[in-house]
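There are 2 protein chains.
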Amino acid sequence: MHGELGPGQTLTLRGVAAEFDVSMTPAREAIRRLSAEGALSVSSSGRVSAPELTADRIEELAALRSLIEVELSSRALPRAHMALIERLYTINNRISEQIAKHDAVGYIRANLEFHRTLYLRAQAPAMLAMAETVWLQLGPTMRARYGKLQSKEAPRYHRLIMSALKAGDEPGLRLAVRSDVTQGLKVLLA
Amino acid sequence: MHGELGPGQTLTLRGVAAEFDVSMTPAREAIRRLSAEGALSVSSSGRVSAPELTADRIEELAALRSLIEVELSSRALPRAHMALIERLYTINNRISEQIAKHDAVGYIRANLEFHRTLYLRAQAPAMLAMAETVWLQLGPTMRARYGKLQSKEAPRYHRLIMSALKAGDEPGLRLAVRSDVTQGLKVLLA
DNA sequence: TTTACTGATTTGTGATCACAAATGGGGTAT
DNA sequence: ATACCCCATTTGTGATCACAAATCAGTAAA
Numbered sequence: 001m002h003g004e005l006g007p008g009q010t011l012t013l014r015g016v017a018a019e020f021d022v023s024m025t026p027a028r029e030a031i032r033r034l035s036a037e038g039a040l041s042v043s044s045s046g047r048v049s050a051p052e053l054t055a056d057r058i059e060e061l062a063a064l065r066s067l068i069e070v071e072l073s074s075r076a077l078p079r080a081h082m083a084l085i086e087r088l089y090t091i092n093n094r095i096s097e098q099i100a101k102h103d104a105v106g107y108i109r110a111n112l113e114f115h116r117t118l119y120l121r122a123q124a125p126a127m128l129a130m131a132e133t134v135w136l137q138l139g140p141t142m143r144a145r146y147g148k149l150q151s152k153e154a155p156r157y158h159r160l161i162m163s164a165l166k167a168g169d170e171p172g173l174r175l176a177v178r179s180d181v182t183q184g185l186k187v188l189l190a
Numbered sequence: 191m192h193g194e195l196g197p198g199q200t201l202t203l204r205g206v207a208a209e210f211d212v213s214m215t216p217a218r219e220a221i222r223r224l225s226a227e228g229a230l231s232v233s234s235s236g237r238v239s240a241p242e243l244t245a246d247r248i249e250e251l252a253a254l255r256s257l258i259e260v261e262l263s264s265r266a267l268p269r270a271h272m273a274l275i276e277r278l279y280t281i282n283n284r285i286s287e288q289i290a291k292h293d294a295v296g297y298i299r300a301n302l303e304f305h306r307t308l309y310l311r312a313q314a315p316a317m318l319a320m321a322e323t324v325w326l327q328l329g330p331t332m333r334a335r336y337g338k339l340q341s342k343e344a345p346r347y348h349r350l351i352m353s354a355l356k357a358g359d360e361p362g363l364r365l366a367v368r369s370d371v372t373q374g375l376k377v378l379l380a
């Protein structure tokens, strides 16, 4: 999810088992679970690797993000009080720090935390799980793109999201979230 | 997905292994994979069962169905030619037959085939997989409800879906699909 | 009748192993 | 230089096992 694996990077059962100092059995379960969510792809011979997404699939996943996350933000809006918005500001500053450090994994992690913090307020665990499944699938690709990008500014639409939250402006919030996702898509397809 | 398991019904590794005449290992992988998708829930002690959904969660899953399936139908519309629509008619008749036979599992299966046939045309595998994950989670609950319902008529909105397809009417199609899902939700919460 | 306890049984977990298939590299022939 | 082939090694799969925890039934006490 955080882009610790690049697209196409392969994993072996014994490798993962050794890395976490367990036997093959738990490693196998973890890998199979991630494959079931589409986070890892298995070749016909059973070998597992981080997925290399086609442009079509990236577009699909971005469309899913948009559908689900707009709904999540909309459901979070009535429950969003000031403490939450301040927390979002803090996280947003952390995002800028990670960008300054050129830390791709840190950037992705902080960016997702921004979104998750907002969506947790929606009290919609099934939807949040769906959104996270999508993030999981996009992780390796995001890392590959953001790793190459130098000196990107902090996500422009995050400020719009926060001010729409503060104003209780639902249409504005929906638009801001959709724009943020779309902007992310543009980066991935650039 | 088809409601062969009722809500709360428990599964054991050794039970599934014996049922399919394999060892515990493949049974475990299958069960863990289904748990990862939310199709089975695991208790804190690791025991697995078909999920018993709360009303809140059912509403969430129905909202997800609506979001994703409306989008899928919309993407399928430009590619839907006459042969597809005729196929939908055939499946819809099969649905009526299953209702007449009071076969809950057969009804669910045919109903999902109707939707899947349409959505396959969208050429959006990631979205379809998401929709199927939702169906998977709703399976046991649907069976429990439809099993009790006697003499239900065939889904009213399927005809609307087909005529909107024939007319190339996108807003009408979106509305018809949303109505069909909403109608299904009403049955589940009744 | 209900509650509490206890021992037999069931059950998930992690580990290990044998085996077949796939992979990858080095050498040979064209 | 390229394509092909062959063999050592890696890798996933399914099976089995030991063990601890949880579950369940049956009994006894209140």
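Going line by line, the protein sequences match chains A and B. The numbers in the working numbering rise by one with no breaks, and the one at position 133 of the first sequence is 133. Every position in the second sequence, counted from 1, becomes a number in the working numbering once 190 is added. Virtual Cβ for every residue (Gly too), placed ideally from N, Cα, C.
Per DSSP, cross-strand counterpart(s) of Leu201/B: Here residue 201/B refers to the residue found at position 11 of the second sequence. Partner residues in the beta bridge of Leu201/B, as assigned by DSSP, are Val238/B.
Span separating the alpha-carbon of Ala252/B from that of Pro140/A: If you number the second sequence from 1, residue 252/B lands on position 62. If you number the first sequence from 1, residue 140/A lands on position 140. When rounded, the distance between both Cα atoms is 30 Å.
Within chain A, partners of Met191/B - CB distance below 7 Å: Within the second sequence, residue 191/B is the residue found at index 1, counting from 1. Chain A residues near Met191/B: none, gap ~14 Å exceeds 7 Å.
Interface flag, Glu69/A vs chain B, CB-CB below 8 Å: Along the first sequence, one-based indexing puts residue 69/A at 69. No, because no Cβ of chain B sits closer than 8 Å to the Cβ of Glu69/A.
Coarse secondary structure for Ser96/A, derived from DSSP in three states: Within the first sequence, residue 96/A is the residue found at index 96, counting from 1. It is helical.
Any C-beta of chain B under 8 Å from that of Arg191/A: Residue coverage of chain A in this structure runs from 1 to 190, which leaves residue 191/A outside it and unanswerable.
Buried versus exposed call for Asp21/A [16 or more other C-beta atoms within 10 Å across all chains shown]: Working through the first sequence from its first residue, we reach residue 21/A at position 21. It counts as exposed.
Contacts of Leu64/A in chain B (Cβ-Cβ under 8 Å): The residue labelled residue 64/A in the question sits at position 64 within the first sequence. Residues of chain B passing the Cβ test: Ile258, Ala316, Met317, Met320.
Residues of the segment 68–100 of chain A with Cβ closer than 7 Å to any Cβ of chain B, in chain order: Ile68, Glu71
Cβ of Leu251/B within 8 Å of any chain A Cβ: Against the second sequence, residue 251/B aligns to sequence position 61. It does; some Cβ of chain A falls within 8 Å.
Cβ-Cβ distance between Thr193/A and Glu37/A below 8 Å: Outside the displayed range of chain A (1 to 190) lies residue 193/A, so it cannot be described from this structure.
Beta carbon proximity, Arg368/B to chain A, threshold 8 Å: The residue you call residue 368/B lines up with position 178 of the second sequence. No - not a single Cβ of chain A is within 8 Å of the one on Arg368/B.
Where Ser213/B sits in the DSSP three-state scheme: As a working mapping, residue 213/B is identified with position 23 in the second sequence. Ser213/B falls in the coil class under three-state DSSP.
Which residues DSSP lists as bridging Ser231/B, in chain order: Residue numbering aside, residue 231/B sits at position 41 when the second sequence is read from its first letter. Note: Ser231/B sits in a beta bridge opposite Ser239/B.
Partner residues on chain A for Gly374/B, Cβ-Cβ distance less than 9 Å: Translated into the one-based positions of the second sequence, residue 374/B becomes position 184. Chain A residues near Gly374/B: none, gap ~16 Å exceeds 9 Å.
Cβ pair Val206/B, Ala220/B closer than 8 Å: To locate residue 206/B, count along the second sequence from 1; it is residue 16. To locate residue 220/B, count along the second sequence from 1; it is residue 30. Between Val206/B and Ala220/B, the C-beta spacing is below 8 Å.
Euclidean distance between Cα positions of Leu355/B and Leu363/B: Position 165 of the second sequence, counted from the first residue, corresponds to residue 355/B. Position 173 of the second sequence, counted from the first residue, corresponds to residue 363/B. Their Cα atoms are separated by approximately 7 Å.
Contact between the segment 108–128 of chain A and the segment 244–259 of chain B (3+ Cβ pairs under 8 Å): yes
Inter-residue spacing [alpha-carbon to alpha-carbon] between Ala240/B and Thr202/B: Position 50 of the second sequence, counted from the first residue, corresponds to residue 240/B. Position 12 of the second sequence, counted from the first residue, corresponds to residue 202/B. Each residue's alpha carbon lies about 11 Å from the other.
Proximity test, Cβ basis, 8 Å: Glu360/B and chain A: By 1-based counting over the second sequence, the position of residue 360/B is 170. So, not an interface residue.
CB contact below 8 Å: Glu219/B versus chain A: The residue given as residue 219/B occupies position 29 in the second sequence. It does; some Cβ of chain A falls within 8 Å.
Interface partners of Ala226/B on chain A, CB under 9 Å: Position 36 of the second sequence holds residue 226/B. Per Cβ cutoff of 9 Å: Arg32, Arg33, Leu34, Ser35, Ala36, Glu37.
Chain-ordered neighbours of Arg247/B on chain A, where CB pairs are closer than 7 Å: Position 57 of the second sequence, counted from the first residue, corresponds to residue 247/B. Neighbours of Arg247/B on chain A, chain order: Ala126.
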